[in-house]
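**Student:**
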Amino acid sequence: MRTDDFWAVIDRATAERPASPAEVAERAVAELATHDPEEIVAWARHLDRVMVASGTEDLWAAAYLINSGADEAGFDAFRGWLIAHGRKAVAAAVQKPDVLANVVVIKQAADTGAVFEAEEVLGIAARAYQQATGDQLPPGEPARIRPEVADLWDFDNEDEMRRRLPKLSALFLEPPD
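Using full-length UniProt numbering, read the sequence shown as starting at 1 and increasing by one per residue.
(1) If you draw a straight line from the C-alpha of A28 to the C-alpha of R144, how long is it?
(2) Exposed or buried, which one is R12 when buried takes at least 16 other CB atoms within 10 Å?
(3) Just curious, the alpha helix (DSSP H) that T133 is in, first and last residue?
(4) To the nearest angstrom, how far is the alpha carbon of D177 from that of A93?
(5) Considering P37, what are the terminal residues of the alpha helix (DSSP H) in which it resides?
(6) Only counting the same chain, and skipping five residues up and downstream in sequence, which positions put a Cβ closer than 8 Å to that of V105?
(7) Check whether the stretch 23-42 and the stretch 50-60 touch, using three or more Cβ-Cβ pairs below 8 Å as the test.
(8) What is the residue span of the alpha helix (DSSP H) that F78 lies within?
(9) Leaving out the 5 sequence neighbours to the left and right, which residues in its chain are closer than 7 Å to I124 when beta-carbon positions are compared?
(10) For E34, which of helix, strand or coil comes out of DSSP?
(11) Quick one: grab the DSSP three-state call for M161.
(12) Check whether the stretch 144-163 and the stretch 59-71 touch, using three or more Cβ-Cβ pairs below 8 Å as the test.
(13) Look up V115 in the DSSP assignment and say whether it is helix, strand or coil.
(14) Of all the options V99, H46 and S20, which has the alpha carbon lying nearest to the alpha carbon of T3?
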């Protein structure tokens, strides 16, 4: 499956605005379930590649800051939320996670405490395959979709957070003494 084909499913699922990530997932499942099983598997493998490419340490730090913490599952669910916002959002956030400080709902989250997770987006292919075939999605090659926790810099180190993510830190951290 080509990258454009993968993102076209998400684009069509977001065509009707406003769409929550849950609605995006439902629409994508409905569309994908009409495809051949091999295409659904290919879509799932491409999602794995997106997860690998977005599994950066600084994006994880951004998720940690925005969501007031993010373990492995929380980081994955944050990326599900990001994927529901499309290719440009993912690309921008992977390239420079601090751009997330410019997103209106994230700015608001500094006051509201909203959490951004969409685990259902990560299950699109599995649900579509189940609907299309009645079977479970075949497992793919195990992919390392995020850094090892032990290898991460200390996300509770506010000085390092301010250095790496200055705009997000300004929103979510107390000013330094």
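Just so it is clear, CB atoms sit at the ideal spot from N, CA and C, and this is done for glycine as well. Since this is a predicted model, take the numbers as computed values, not measurements.
**Tutor:** From the atom records:
(1) 25 Å
(2) exposed
(3) I124 to T133
(4) 29 Å
(5) P37 to A53
(6) A114 and F116
(7) no
(8) E72 to I83
(9) A25, A28, V29 and L32
(10) It is worth fixing the name first, because residue 34 is Thr in this sequence and not Glu. Reduced to three states, the DSSP call for T34 is coil.
(11) helix
(12) Touching, yes, given that three or more Cβ pairs across the two stretches are closer than 8 Å.
(13) coil
(14) H46
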